[in-house]
Every structure is written in structure tokens, then in C-alpha cells.
Amino acid sequence: MVCRARTGLGATDGGFLWTGLDGWRRFGCSCYFTSSEAKTWSEGRRECTEGKGSDLVVINSREEQDFVSGLMEHDEFWIGLRTTGNKPVFKWEWVDESPLTETFWAGLSVPPTELYVAAYSDRQGKLTQSKYDGGGAKRFICEK
Numbered sequence: 001m002v003c004r005a006r007t008g009l010g011a012t013d014g015g016f017l018w019t020g021l022d023g024w025r026r027f028g029c030s031c032y033f034t035s036s037e038a039k040t041w042s043e044g045r046r047e048c049t050e051g052k053g054s055d056l057v058v059i060n061s062r063e064e065q066d067f068v069s070g071l072m073e074h075d076e077f078w079i080g081l082r083t084t085g086n087k088p089v090f091k092w093e094w095v096d097e098s099p100l101t102e103t104f105w106a107g108l109s110v111p112p113t114e115l116y117v118a119a120y121s122d123r124q125g126k127l128t129q130s131k132y133d134g135g136g137a138k139r140f141i142c143e144k
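Under the UniProt record's numbering, think of the first position of the sequence shown as 1, with each following residue one higher.
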């Protein structure tokens with residue numbers, strides 16, 4: 001992955017162009033890939049990890065959430081949020097094993113009893129979660 005300054009292109013990605021990563025967009029220190037093909041949560045994660053050397057997106061800040069929301073185009077996407085634990089105690093955890101601690105979600109109301117979470121960008125550009133068992137096919141976002 002190579003980063004070089006753009007010149008004369010009206011850069012909108014912080015003035016940098018990532019080369020060698022077709023279909024990836026840069027934000028901060030990470031690059032993001034938005035799939036065009038719908039897959040289950042597990043298949044999407046496998047595509048990220050094995051096919052792209054990345055993982056499903058882990059959202060760590062309000063700024064990153066705003067960026068990811070813009071990638072979603074008001075549609076639902078798999079993200080790297082899942083539940084861990086055993087009945088009756090479940091908790092939310094990101095695929096990098098960090099706990100869900102941020103409270104900047106538009107509607108973080110789904111209790112951690114479902115397996116995975118799909119997020120979508122509402123008309124105001126805020127991320128809202130939807131609960132799924134991971135069996136449905138959705139597009140997904142990878143991060144590296």
C-alpha cells in the first residue's frame with residue numbers, strides 16, 4: 001500500500017491517493033472496501049480476512065462512524081460487531097475483540113442476544129443497528 005500526495009486533482013481524501021488498492025478508500029490510518037456483492041456475515045468476514053487481508057469494519061470514533069455512514073448510501077451493511085458469551089449473559093464485541101463502549105450510535109437499542117449486527121445509514125447519515133442471525137445476505141465493509 002502506497003500513499004502519495006495528490007496534485008491538482010481537488011483531493012477529497014485528505015490530499016492523498018492510495019495506489020495499489022483498487023476499490024479501497026482511505027480515512028485516517030485505515031482503508032475501507034465496500035462490497036458490491038451480498039453475503040452472510042460469516043462469508044463477508046471470510047472475504048475480508050482471506051480475500052482482502054483485512055476484517056469487517058470496527059468503528060472506533062464518531063469521525064470514523066461519519067465516514068463509514070457515507071460509504072453506506074442509506075443501505076444496510078454487515079459490520080464487525082457480534083455477540084459473545086453464553087446464555088444468559090451476552091455482550092457486544094468487535095471482531096478485534098474490543099468491547100463496544102462508544103455511545104455515538106443513532107439507535108443502539110438492540111440487546112446483545114442476536115449473533116451479529118448489520119448497520120445502516122439513515123436519512124440523516126447516522127448509523128443505526130439492526131439485529132440479524134447472520135444468515136441473511138448483505139453487503140459488507142472491510143477495513144485494514
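Where a beta carbon is used, it is the ideal one built from N, C-alpha and C, also for glycine. Note that the structure is predicted; figures quoted are calculated from it, not measured.
Cβ shell of residue i (< 6 Å), same chain only, five flanking positions each side left out
{"i": "Asp96", "result": "Val58"}
{"i": "Glu64", "result": "none"}
For residue i, the three-state DSSP class (helix, strand or coil)
{"i": "Lys138", "result": "strand"}
Contacting residues, own chain, Cβ-Cβ under 7 Å from residue i (five flanking each side not counted)
{"i": "Trp94", "result": "Val58, Gly80, Leu81, Leu100"}
Residue burial classification, residue i (beta-carbon count within 10 angstroms, cutoff 16)
{"i": "Arg46", "result": "exposed"}
{"i": "Lys87", "result": "exposed"}
{"i": "Val89", "result": "exposed"}
{"i": "Cys142", "result": "buried"}
{"i": "Lys138", "result": "buried"}
Taking only runs that begin and end inside the region 13 to 99, name each unbroken beta strand (DSSP E) of 3 or more residues, in chain order. 16 to 19, 24 to 27, 30 to 34, 76 to 86, 89 to 94
Are the region 26 to 41 and the region 52 to 68 in contact at 8 Å, needing three or more beta carbon pairs? yes
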